[in-house]
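A.B. asks: All you need for the working numbering is the position in the sequence shown, starting with 1, plus 814.
Every residue, glycine too, gets a C-beta built ideally from N, C-alpha and C.
Computed from a prediction, not measured in an experiment: that's the story for all the values here.
Following this message is one structure expressed as structure tokens.
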Amino acid sequence: MNESTVAWEDLILHRKDNTAFKSRTCKIYNNKARCSTDLNKSCPCGRMVRRHSFTDESVEFKETKPENTAWKPPKEFREMIHSAKVPINIYGTLQSTGCKFLRIDLRLPIKDLFQLILEDCQKQKPALILSIYGGAKYFTMTERLEKEFIRGVIDAATMANAWILTAGINNGISKLVGEGISHYRVLREYSIKVKCIGMTMWSTINDNARLELKNASKGNPRPLCERQIPENTQEDKETIEPNHTHCILFDSGKLNEYLSDIQRNQFVTEACNYKDQGKENDYTCYAVTIIVEGGTGSLEVLENDIKGRRPIVLIQGSGRLADVLAMLVEQTSNPDRNQHWDPSDQEIEQALDRFYPTISISEVSLTKKRIQNILKQENRYLLHVFSMDRDKNVAEIIFKAIFTATKKKTKIEDNQKHEDEPSDQEKQRRKDEDKLVDLALEWSYFDGVLPILQARQGDMVKKNKYFIEEDIKRQKYLFLKSLQKNRSKFIEYFLIAGFDPLTLVDNNNSSSYQKFIEKLYVESYTVMNMSHKNRLINILGILPLRRIKDIDYKLNQFIGSFFESIYSFKDTSFGKRIKIDLSNHVCNCCGFHKHVDDKNELNAMNNHIINDQTIDTYTKHHLLRDLFLWSILMDMPEMAKVLLLHVRSRICAALIASAVFKRYSKASQTVDVKDKFRMQSLEFETYAAMCVNKCYEYNEKRACELLVRQIPLFGNITCMQAGISSESVKLLETACFDQTLNQVWFDKLALSNQQTSAKLLQIPSIITFGLIAPWIITYRKENEESLNSTKNDALSEEGINYYVDEKNSKEGTCSNYWKCVQYFHESSMIKMSYHFISYIWFLLVFSYMMLYHLDSRDTFIIPHWTEIYVIITVSTMFCEEARRLYYEYHTRMLERWGSTG
815 MNESTVAWED LILHRKDNTA FKSRTCKIYN NKARCSTDLN KSCPCGRMVR RHSFTDESVE
875 FKETKPENTA WKPPKEFREM IHSAKVPINI YGTLQSTGCK FLRIDLRLPI KDLFQLILED
935 CQKQKPALIL SIYGGAKYFT MTERLEKEFI RGVIDAATMA NAWILTAGIN NGISKLVGEG
995 ISHYRVLREY SIKVKCIGMT MWSTINDNAR LELKNASKGN PRPLCERQIP ENTQEDKETI
1055 EPNHTHCILF DSGKLNEYLS DIQRNQFVTE ACNYKDQGKE NDYTCYAVTI IVEGGTGSLE
1115 VLENDIKGRR PIVLIQGSGR LADVLAMLVE QTSNPDRNQH WDPSDQEIEQ ALDRFYPTIS
1175 ISEVSLTKKR IQNILKQENR YLLHVFSMDR DKNVAEIIFK AIFTATKKKT KIEDNQKHED
1235 EPSDQEKQRR KDEDKLVDLA LEWSYFDGVL PILQARQGDM VKKNKYFIEE DIKRQKYLFL
1295 KSLQKNRSKF IEYFLIAGFD PLTLVDNNNS SSYQKFIEKL YVESYTVMNM SHKNRLINIL
1355 GILPLRRIKD IDYKLNQFIG SFFESIYSFK DTSFGKRIKI DLSNHVCNCC GFHKHVDDKN
1415 ELNAMNNHII NDQTIDTYTK HHLLRDLFLW SILMDMPEMA KVLLLHVRSR ICAALIASAV
1475 FKRYSKASQT VDVKDKFRMQ SLEFETYAAM CVNKCYEYNE KRACELLVRQ IPLFGNITCM
1535 QAGISSESVK LLETACFDQT LNQVWFDKLA LSNQQTSAKL LQIPSIITFG LIAPWIITYR
1595 KENEESLNST KNDALSEEGI NYYVDEKNSK EGTCSNYWKC VQYFHESSMI KMSYHFISYI
1655 WFLLVFSYMM LYHLDSRDTF IIPHWTEIYV IITVSTMFCE EARRLYYEYH TRMLERWGST
1715 G
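This is the structure:
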């Protein structure tokens, strides 16, 4: 705050030699004036005679000569005669809120004021000016409308880098906007601080507020810090709204005056016309006025904006003027809002009578004429109504108003085009459309430019030779910008329209695509707000993820160690996997993977691809996968939902998203963030379960195969692995998952073996070590429909087949018999039975040994067979456990509840 205060003061001090950059005060009397008879005698300016701050020769001094003792002070204050410029000495910053204030001459050229605020904003020109005017002292709004209005305004301001203009006083709509900005600044932690500028008169605020600002000033000479009106005067005035970033107090030299709309209108005009000469591609500043409630005095604001062809948004339901105009707009328009007619005198009078029941008859006549001029048909495209019951949010209406006004302004007749070559008008039209699309992308307003994008797509389909190359480049730019800005609706449109993301990269090799992904991680992180950045830093650690290998490490950590490396071929070896697991799970702080040369890794990857022709090239599906993983890791759920619909193996992708967000939820430190990630995880988990259920309804066999097949695109994991590891309850509750578990459990034995009668037949089969199983146990057979549907499938020899091969059943009886015996013993159910029996037998033998044959050392001669059996069994169990651990780690078959923890 101190740095900002110094900068603001310095900016004002640097203008002390500017003759126009002054303040203004009354010069009828000066600081030496005294009134011996009446201490509270007032000047026509409203101050007490003895409390003037003017130091030069006053009107009183000049008029009072020795020969002119009968001078009488003027009865009325005339600004041109009775006021004078004085140095600025009331400026500074309120330490409690950081509001920067300045008392300035009412006649100051607005260009100078705009330059001052622009320099204080580090020369960051606004892209949007929001003028919010209307209700004052008796202003009321419903809580629901108030919250929606503030949320929409702040969202629009932060997205568009806007400046907000208000009346700056601590009541009505100015107070609502100021407090709303303060609350959202704390709650949402916007990376861009909303600039809110209050413009009012120095004489509008009460004397106590003026004294407070004088005491907070650092000006030289020091301002007169005494009351300028009598102590017993009752003031019905307000203070400045302290949550504004700037408060400009204009002064004409007289007290008890109110500011007209001239200064605001000139300020908005200057901002919209300002061009930064130092920037080659300077952008346009747009302006929108929002009317909330308001009296008839707010009509001046509307008239100036209509004259300047600036769009206006009326907040329906806020009361008085806004409701009068909103009702008349809707009454004089068709349902589609594309036809309008002028309101009649009776309609206007009825509206005024409804919302202004105490308005005088004389004022009705003047107000009616002003409303008729505002609601003329040629002005209707500038008027937009926000309704809580109809519209999504205020921000959308604001952007819609801008786009409607801009398109109307730049509209060119199509019949001016020539068939042989594009006309200058056509080129200019496309240039203007490009500006609109860029604006929509920046402000995340997709609906406004959808017709433009569709028209451009039609031109590409028609192979327009003049613009097709330009449109292709333009599409690439917009797609990339949409990714960086997290504009999911734009990405959805381009993907549906057939855009190939592979065209974003010029060189067709894996290293180029992976460098593109690395760059995307960095750029998307850069444009995030502070709240988003802090949320990810608390979970992911050091950001941004600058190396492609870091993504492998994070996926291995969040999804499970069975997730093989998808970016680094070096890390597929057994030794490298141990190193990664030690880094992720044992000593994460050591960072074993931080000292690897990325160039060597990318070169090794390219050489590996060249030498091994069996590896698939980098395809569109690989890039979509990488974009999907990027959106998940960078916490962009809406973008992830769009990309999910275009990714192969979307069930697995949804389960991966659910697993990552679930881990994010566990790693978060605040309750609201935990709930946010938990709900995101549940959405993707539910989507995966719905997909599985639909597949199961269509084809039970194929649906079960979907759960157990390995997916090379996602590190050779299976849906069952991802679901079990991430504790996906929704997936585990599906009938398909239960059926798949049964098939894995029984293997090539028929599922009918789970019936009670079949279980009894398993006992003699186990007792005879499966020798009679081929005759009494039912084996699974593929039905004719399954055979027809899978006979042309190219199945991997290393894959799992749960059916008895048809060719084996046609071989000799002896060979078929021993195959069935083998299948019987390969069943997980039979293996578990053998293990259960062996453990029971081991416990019995161990108990028998402990009770009867555990002799002391002095009587020991030869170990009993039970002791030898126990020693051998325990040794083999230890070896088997070591083998199992190695096998599970080597094959990454570690999926079980909590395996990623």
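Confirm, please, whether the CB-CB distance from isoleucine 1173 to leucine 1166 is below 8 Å.
C.D. replies: Here the question's residue 1166 lines up with position 352 in the sequence shown. Here the question's residue 1173 lines up with position 359 in the sequence shown. In this structure, isoleucine 1173 lies closer than 8 Å to leucine 1166 by Cβ.
A.B. asks: How is arginine 1523 classed by DSSP in three states: helix, strand or coil?
C.D. replies: Reading the sequence shown from its first residue, position 709 is the one you call residue 1523. Of the three classes helix, strand and coil, the one that applies to arginine 1523 here is coil, per DSSP.
A.B. asks: Output the distance between the C-alpha atoms of glutamate 1514 and isoleucine 1682, rounded to the nearest integer angstrom.
C.D. replies: Within the sequence shown, numbered from 1, the residue matching residue 1514 stands at position 700. Within the sequence shown, numbered from 1, the residue matching residue 1682 stands at position 868. Roughly 51 Å separates the two Cα atoms.
A.B. asks: Relative to the C-alpha of glutamate 756, which residue among Trp885, Arg865, Asn1057 is closest?
C.D. replies: An answer regarding residue 756 cannot be provided, because it is not within the stretch 815 to 1715 covered by the chain.
A.B. asks: Note down the Cα distance separating lysine 1051 from valine 1138, rounded to an integer number of angstroms.
C.D. replies: By one-based count along the sequence shown, residue 1051 stands at place 237. By one-based count along the sequence shown, residue 1138 stands at place 324. Using only the alpha carbons, I get a separation of about 27 Å.
A.B. asks: Looking only at C-alpha atoms, which of Asp1159, Phe1551, Asn1193 sits nearest to valine 1178?
C.D. replies: For this step, residue 1178 is matched to residue 364 along the sequence shown. The option with the nearest alpha carbon to valine 1178 is Asp1159.
A.B. asks: State the CB to CB distance for the pair isoleucine 1126 and leucine 1142, rounded to an integer number of angstroms; the pair is presumed to be in contact (CB under 8 Å).
C.D. replies: The residue labelled residue 1126 in the question sits at position 312 within the sequence shown. The residue labelled residue 1142 in the question sits at position 328 within the sequence shown. That belief does not hold up - the Cβ atoms of isoleucine 1126 and leucine 1142 are roughly 13 Å apart, past 8 Å.
A.B. asks: Can you name the residues that DSSP bridges to leucine 1563?
C.D. replies: Counting from 1 along the sequence shown, the entry for residue 1563 is found at position 749. For leucine 1563, which the question treats as bridged, DSSP gives the partners Tyr1593.
A.B. asks: Given this structure, state the Cα-to-Cα distance separating isoleucine 1351 from lysine 1368, to the nearest angstrom.
C.D. replies: Working through the sequence shown from its first residue, we reach residue 1351 at position 537. Working through the sequence shown from its first residue, we reach residue 1368 at position 554. Going by the C-alpha atoms only, they are around 13 Å apart.
A.B. asks: Check whether the stretch 1243-1255 and the stretch 1193-1210 touch, using three or more Cβ-Cβ pairs below 8 Å as the test.
C.D. replies: Because the criterion of three Cβ pairs below 8 Å is not met, the stretch 1243-1255 and the stretch 1193-1210 do not touch.
A.B. asks: Suppose the cutoff is 7 Å on Cβ atoms and the five residues either side in sequence are ignored; what does the same chain contact list for glutamate 1055 look like?
C.D. replies: Taking the sequence shown and counting its residues from 1, the one referred to as residue 1055 is at position 241. Excluding sequence neighbours, glutamate 1055 sits near Gly982, Ile983, Asn984, Ser988, Lys989, Gly992, Gly1012.
A.B. asks: Roughly how many angstroms lie between the CA atoms of aspartate 1065 and threonine 1018, to the nearest whole one?
C.D. replies: Along the sequence shown, read from residue 1 onward, the residue named residue 1065 stands at position 251. Along the sequence shown, read from residue 1 onward, the residue named residue 1018 stands at position 204. The alpha-carbon atoms of aspartate 1065 and threonine 1018 are separated by roughly 10 Å.
A.B. asks: Report yes or no: do the stretch 1556-1573 and the stretch 1639-1647 share at least 3 C-beta pairs separated by less than 8 Å?
C.D. replies: Judged by Cβ distances under 8 Å, the stretch 1556-1573 makes contact with the stretch 1639-1647, as three or more pairs qualify.
A.B. asks: Rounded C-beta distance between asparagine 1300 and methionine 1493? I'm assuming under 8 Å.
C.D. replies: Translated into positions along the sequence shown, residue 1300 becomes position 486. Translated into positions along the sequence shown, residue 1493 becomes position 679. In fact, because the Cβ distance is near 19 Å, the residues do not count as touching under 8 Å.
A.B. asks: Please report how far the alpha carbon of arginine 1078 lies from the alpha carbon of lysine 1190, in whole angstroms.
C.D. replies: Your numbering for residue 1078 matches position 264 in the sequence shown. Your numbering for residue 1190 matches position 376 in the sequence shown. Answer to the nearest angstrom: the Cα atoms are 24 Å apart.
A.B. asks: Smallest Cα separation from glutamine 909: which of Asn1029, Ile1188, His1346, Lys1287?
C.D. replies: Counted from its first residue, the sequence shown places residue 909 at position 95. The shortest Cα separation from glutamine 909 among Asn1029, Ile1188, His1346, Lys1287 belongs to Asn1029.
A.B. asks: Who are the near neighbours of lysine 1182 in its chain, counting only those whose CB is closer than 8 Å to its CB and skipping five residues on each side?
C.D. replies: Position 368 of the sequence shown, counted from the start, is the residue given in the question as residue 1182. Closer than 8 Å at Cβ, skipping near neighbours: Asp1159, Ile1162, Glu1163, Leu1166.
A.B. asks: Since phenylalanine 1200 sits in a beta bridge, which residues does DSSP pair it with?
C.D. replies: Position 386 of the sequence shown, counted from the first residue, corresponds to residue 1200. Note: phenylalanine 1200 sits in a beta bridge opposite Ile1129.
A.B. asks: How should arginine 1151 be labelled, buried or exposed, when 16 other C-beta atoms within 10 angstroms of its C-beta is the threshold for buried?
C.D. replies: Taking the sequence shown and counting its residues from 1, the one referred to as residue 1151 is at position 337. When all chains shown are included, arginine 1151 counts as exposed.
A.B. asks: For a test of the three-state rule: what should DSSP assign to valine 1106, helix, strand or coil?
C.D. replies: Taking the first residue of the sequence shown as position 1, residue 1106 is located at position 292. If DSSP states are grouped into helix, strand and coil, valine 1106 belongs with the strands.
A.B. asks: For the candidate residues Ser1629, Leu1447, Trp1257, Asn1343, whose alpha-carbon lies nearest to that of leucine 1334?
C.D. replies: One-based indexing of the sequence shown puts residue 1334 at position 520. If we check each option's Cα against that of leucine 1334, Leu1447 comes out closest.
A.B. asks: Less than 7 Å between C-beta atoms, sequence neighbours within five positions excluded: which residues of the same chain meet that for valine 1336?
C.D. replies: Counted from its first residue, the sequence shown places residue 1336 at position 522. Closer than 7 Å at Cβ, skipping near neighbours: Pro1358, Arg1360.
A.B. asks: Can you give me the C-alpha to C-alpha distance between asparagine 1148 and alanine 1215, rounded to a whole angstrom?
C.D. replies: Translated into positions along the sequence shown, residue 1148 becomes position 334. Translated into positions along the sequence shown, residue 1215 becomes position 401. If I take the Cα positions, the gap works out to 18 Å.
A.B. asks: Just mark glycine 1715 as buried or exposed, buried being the case when its beta carbon has 16 or more other beta carbons within 10 Å.
C.D. replies: Numbered from 1 along the sequence shown, position 901 holds the residue referred to as residue 1715. Any answer about glycine 1715 is weak, because its pLDDT of 40 lies below 50 and its placement is not dependable; what the coordinates show is given next. Flag for glycine 1715 reads exposed.
A.B. asks: Do you know offhand how far isoleucine 1470's Cα is from phenylalanine 1551's?
C.D. replies: Numbered from its first residue, the sequence shown carries residue 1470 at position 656. Numbered from its first residue, the sequence shown carries residue 1551 at position 737. So the two alpha carbons sit approximately 17 Å from each other.
A.B. asks: If I follow the unbroken alpha helix (DSSP H) through arginine 1078, where does it start and stop?
C.D. replies: Here residue 1078 is taken as the residue at index 264 of the sequence shown, counted from 1. First-last of the alpha helix (DSSP H) with arginine 1078: 1076-1087.
A.B. asks: Given a cut-off of 8 Å, decide if leucine 1585 and valine 1635 are closer than it, judged by their beta-carbon atoms.
C.D. replies: Walking along the sequence shown from the start, residue 1635 turns up at place 821. Walking along the sequence shown from the start, residue 1585 turns up at place 771. Yes. Within cutoff.
A.B. asks: Can you tell me whether asparagine 1322 is buried or exposed, with buried defined as 16 or more other CB within 10 angstroms of its CB?
C.D. replies: On the sequence shown, residue 1322 is found 508 positions in, with the first residue counted as 1. Classification for asparagine 1322: exposed.
A.B. asks: Tell me whether the beta-carbon of isoleucine 918 lies closer than 8 Å to the beta-carbon of leucine 1063.
C.D. replies: Translated into the one-based positions of the sequence shown, residue 918 becomes position 104. Translated into the one-based positions of the sequence shown, residue 1063 becomes position 249. Yes, Cβ-Cβ distance for isoleucine 918 and leucine 1063 is below 8 Å.
A.B. asks: Considering phenylalanine 953, what are the terminal residues of the alpha helix (DSSP H) in which it resides?
C.D. replies: Within the sequence shown, the letter at position 139 stands for residue 953. Element bounds for phenylalanine 953: n/a, residue is neither H nor E.
A.B. asks: Going by other Cβ atoms of all chains shown within 10 Å of its Cβ, with 16 needed for buried, is aspartate 1075 buried or exposed?
C.D. replies: For the purposes of this step, residue 1075 is identified with residue 261 of the sequence shown, where counting begins at 1. When all chains shown are included, aspartate 1075 counts as buried.
A.B. asks: With a threshold of 6 Å on Cβ separation, who are the neighbours of histidine 1639 within its own chain once the five nearest residues in sequence on each side are excluded?
C.D. replies: Here residue 1639 refers to the residue found at position 825 of the sequence shown. Only Gly1584 meet the Cβ criterion.
A.B. asks: Going by DSSP, which residues form a beta bridge with tryptophan 1655?
C.D. replies: Position 841 of the sequence shown holds residue 1655. In DSSP, tryptophan 1655 forms no bridge with anything.
A.B. asks: State whether the stretch 1284-1295 contacts the stretch 1314-1321, with contact taken as three or more CB pairs (one from each stretch) at a distance under 8 Å.
C.D. replies: Enough Cβ pairs lie closer than 8 Å, so yes.
A.B. asks: What is the rounded straight-line gap between the Cα of alanine 941 and the Cα of valine 1461?
C.D. replies: Mapped onto the sequence shown, residue 941 falls at position 127. Mapped onto the sequence shown, residue 1461 falls at position 647. Their backbone Cα atoms lie some 36 Å apart in a straight line.
A.B. asks: Here's a check: name, in chain order, each residue in its chain whose Cβ is nearer than 6 Å to the Cβ of isoleucine 1305, leaving out the five neighbours to either side.
C.D. replies: Numbered from its first residue, the sequence shown carries residue 1305 at position 491. Ser1296, Val1456.
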